[in-house]
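Heads up: the structure comes next, in structure tokens.
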Amino acid sequence: MQTPLFASVEEVGDRLATAGYLASTAVATTVFLADQLGKPLLVEGPAGVGKTELARALARATGAELIRLQCYEGIDESRALYEWNHAKQLLRITAGRDEGWEQARAHVFSEEFLLARPLLTAIRNTEPTVLLVDETDKADVEMEGLLLEVLGDFQVTVPELGTITAARRPFVLLTSNATRELSEALKRRCLFLHLDFPPAELEREIVRLHVPGLDDTLAESVVRLVGALRGMELRKAPSIAETVDWARTLLALGADTLDESVVEATLGVVLKYQADHRKATAELKLATVLDRTPG
Numbered sequence: 001m002q003t004p005l006f007a008s009v010e011e012v013g014d015r016l017a018t019a020g021y022l023a024s025t026a027v028a029t030t031v032f033l034a035d036q037l038g039k040p041l042l043v044e045g046p047a048g049v050g051k052t053e054l055a056r057a058l059a060r061a062t063g064a065e066l067i068r069l070q071c072y073e074g075i076d077e078s079r080a081l082y083e084w085n086h087a088k089q090l091l092r093i094t095a096g097r098d099e100g101w102e103q104a105r106a107h108v109f110s111e112e113f114l115l116a117r118p119l120l121t122a123i124r125n126t127e128p129t130v131l132l133v134d135e136t137d138k139a140d141v142e143m144e145g146l147l148l149e150v151l152g153d154f155q156v157t158v159p160e161l162g163t164i165t166a167a168r169r170p171f172v173l174l175t176s177n178a179t180r181e182l183s184e185a186l187k188r189r190c191l192f193l194h195l196d197f198p199p200a201e202l203e204r205e206i207v208r209l210h211v212p213g214l215d216d217t218l219a220e221s222v223v224r225l226v227g228a229l230r231g232m233e234l235r236k237a238p239s240i241a242e243t244v245d246w247a248r249t250l251l252a253l254g255a256d257t258l259d260e261s262v263v264e265a266t267l268g269v270v271l272k273y274q275a276d277h278r279k280a281t282a283e284l285k286l287a288t289v290l291d292r293t294p295g
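Residues in the sequence shown are numbered from 1 upward in steps of one, following full-length UniProt numbering.
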């Protein structure tokens, strides 16, 4: 049995807060259970709600190494697990051309020529590790099969070297933007957590944590405006990180209030598509959002 990283739900919340991540009770509880049960944690939700940041915060909170596998369409075993350094192998074979095949094979299929990718690196790591499999839904179904194999027993078989078993299981966190449905088999092996944009009160606390010099009234205005933007049918809703960036922008400009000129000048911090910018400029009722009367 492996010693858990956390002793209680409260400790999860406290240590994540120290690492700069304000977790709800539901988040802290699910992280605690994943740690206690030794199961991967699948975190699903729209882009920008803090799924990847949760993994980063877990690594900071526990002093663990963060190893990230970024998924994309077409990613295969050689990018995720391991591959052989073929160029170096060829040089070795050329240098030892007088050797027999068996002797050469023993050399070229050795640790010296093995290129470990994120999954194998995490399994071999003897120190505390957080393995982040980011945007799992972007990978092909075949990649899910590999994840099932590796995360099921936390071991990898390299035919030329044998089976490599994890000496210390990593804390595994998979993220998904729900662009496609993940397989039932993969979900069964994981605990599930859905993250959405936080309520205004929690997002204000996040802004205050990361931008401590910002006036409370201005922080509230930023959060309310971002909430109004998320309520529009935009191509990309502002993320939590962009809310924090907007607050930092206002602080850097020395703004003491949000008015139409300030919003217009800084809207590019939170909206990254021109169509969204035009839509917000045309439809955002600033006075209504901030409970002000025009003039």
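Think of the CB as a built atom: it goes at the ideal place given N, C-alpha and C, for glycine as much as any other residue.
Check: Starting from the C-beta of R204, find all residues in its chain whose C-beta is less than 7 Å away, skip the five residues before and the five after it, and write them out in chain order.; Outcome: A219, E220, V223
Check: Quick check: the Cα distance between V226 and V269, rounded to an integer number of angstroms?; Outcome: 11 Å
Check: Quick check: what's the CA-CA separation for V211 versus S239?; Outcome: 16 Å
Check: Just the Cα atoms here: how many angstroms apart are P199 and L191?; Outcome: 23 Å
Check: Within 10 Å of its beta-carbon, does E181 have 16 or more other beta-carbons around it, so buried, or fewer, so exposed?; Outcome: exposed
Check: Taking only three categories from DSSP, how would you classify V9?; Outcome: helix
Check: In the structure shown, what three-state DSSP assignment does E44 receive?; Outcome: strand
Check: Given R235, which residues of its chain have a CB within under 7 Å of its CB, disregarding the five upstream and five downstream residues?; Outcome: Y273, A275, D276
Check: Determine the extent of the alpha helix (DSSP H) in which R117 is found, giving its start and end residues.; Outcome: Premise fails: R117 is in no alpha helix (DSSP H) and is neither H nor E.
Check: Do K187 and L90 have their beta-carbon atoms positioned less than 8 Å apart in this structure?; Outcome: no
Check: Helix or strand or just coil, what does DSSP make of D259?; Outcome: coil
Check: Tell me which residues share the same chain as L16 and place their Cβ nearer than 6 Å to its Cβ, disregarding the 5 neighbours each side in the sequence.; Outcome: A23, A57, A61
Check: So R117 packs on A80, CB below 8 Å; how close in whole Å?; Outcome: 6 Å
Check: Out of V244, M232, R248, which one is the CA nearest neighbour of residue 356?; Outcome: Residue 356 is absent from the model: the chain starts at 1 and stops at 295.
Check: Would D137 and S176 be called neighbours here (beta carbons separated by less than 8 Å)?; Outcome: yes
Check: Taking buried to mean at least 16 other C-beta atoms within 10 Å of its own C-beta, is G295 buried or exposed?; Outcome: Residue confidence is low: G295 scores 37 on pLDDT, short of 50, so the model does not pin down where it sits. Its coordinate-derived value is still stated next. Exposed, by the Cβ-count rule.
Check: Report all residues from its chain with a CB closer than 8 Å to the CB of V262; omit the five preceding and five following residues, and keep chain order.; Outcome: L250, L253, A255
Check: Going by beta-carbon coordinates alone, are W84 and L114 separated by less than 8 Å?; Outcome: yes
Check: At what residues does the beta strand (DSSP E) containing L250 begin and finish?; Outcome: Note, L250: premise wrong, no beta strand (DSSP E); alpha helix (DSSP H) at 240-253.
Check: Are the CB atoms of E53 and T129 within a distance shorter than 8 Å?; Outcome: no
Check: Cβ of T217 within 8 Å of Cβ of W246?; Outcome: no
Check: Per DSSP, what are the beta-bridge partners of H194 in this structure?; Outcome: E44
Check: If you reduce the DSSP assignment to three classes, tell me which class S110 lands in.; Outcome: coil
Check: Suppose you measure from the CA of L271 to the CA of T163; what does that come to, to the nearest Å?; Outcome: 48 Å
Check: So what does DSSP say about F171, is it helix, strand or coil?; Outcome: strand
Check: Take L132 and list the residues in its own chain whose beta-carbon comes closer than 6 Å to its own, dropping the five residues that flank it on each side.; Outcome: A55, R68, L173
Check: Please state whether DSSP places G162 in a helix, a strand or coil.; Outcome: strand
Check: Contact check, G74 vs D140 under 8 Å by CB: the rounded distance?; Outcome: 7 Å
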